[in-house]
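Trainee:
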């Protein structure tokens with residue numbers, strides 16, 4: 001059982017980032033308010049964790065206006081989807097105690 005945690009991605013080690021990616025894996029996109037509501041997180045938490053995921057190129061951010069109000073949408077990138085899938089698989093292996 002050597003190196004059982006080598007594929008666990010540090011970018012997803014916080015519950016808010018894990019939640020953001022989980023939401024984006026099953027939705028085409030999520031806006032700021034959707035993430036805030038589903039995760040029960042503060043504006044600052046959502047902003048800082050989405051920024052961290054964007055820095056890793058795991059999500060992209062689109063800003064627009066809807067009825068003259070700013071709207072921010074988050075989308076998982078292809079590399080983000082791949083990294084998150086590998087992270088989940090590594091967690092499953094760790095839990096199931098398999099190589």
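In UniProt numbering, the protein residues as written are 1 to 99.
Beta carbons are placed, not taken as given, at the ideal position from N, Cα and C, and that holds for glycine.
Starting from residue 61 and walking both ways along the beta strand (DSSP E), at which residues does that stretch end?
Mentor: Counting from 1 along the chain shown, the entry for residue 61 is found at position 61. Taken as a continuous stretch (DSSP letters only), the beta strand (DSSP E) holding residue 61 covers 59-66.
Trainee: Mapping the DSSP letters down to three states, classify residue 77 as helix, strand or coil.
Mentor: Position 77 of the chain shown, counted from the first residue, corresponds to residue 77. The answer is coil: DSSP assigns residue 77 none of H, G, I, E or B.
Trainee: Whose C-beta lies closer than 6 Å to the C-beta of residue 1 among residues of the same chain, with five residues either side of it excluded?
Mentor: The residue given as residue 1 occupies position 1 in the chain shown. Annotation note: pLDDT 49 at residue 1 (below 50); position unreliable, coordinate value reported separately. So the list is empty, once near-sequence residues are dropped.
Trainee: Identify whether residue 27 lies in helix, strand or coil by the three-state DSSP scheme.
Mentor: Numbered from its first residue, the chain shown carries residue 27 at position 27. Coil at residue 27, not helix or strand.
Trainee: Within this structure, are the beta carbons of residue 58 and residue 80 separated by less than 7 Å?
Mentor: Numbered from 1 along the chain shown, position 58 holds the residue referred to as residue 58. Numbered from 1 along the chain shown, position 80 holds the residue referred to as residue 80. Result yes, Cβ atoms of residue 58 and residue 80 sit closer than 7 Å.
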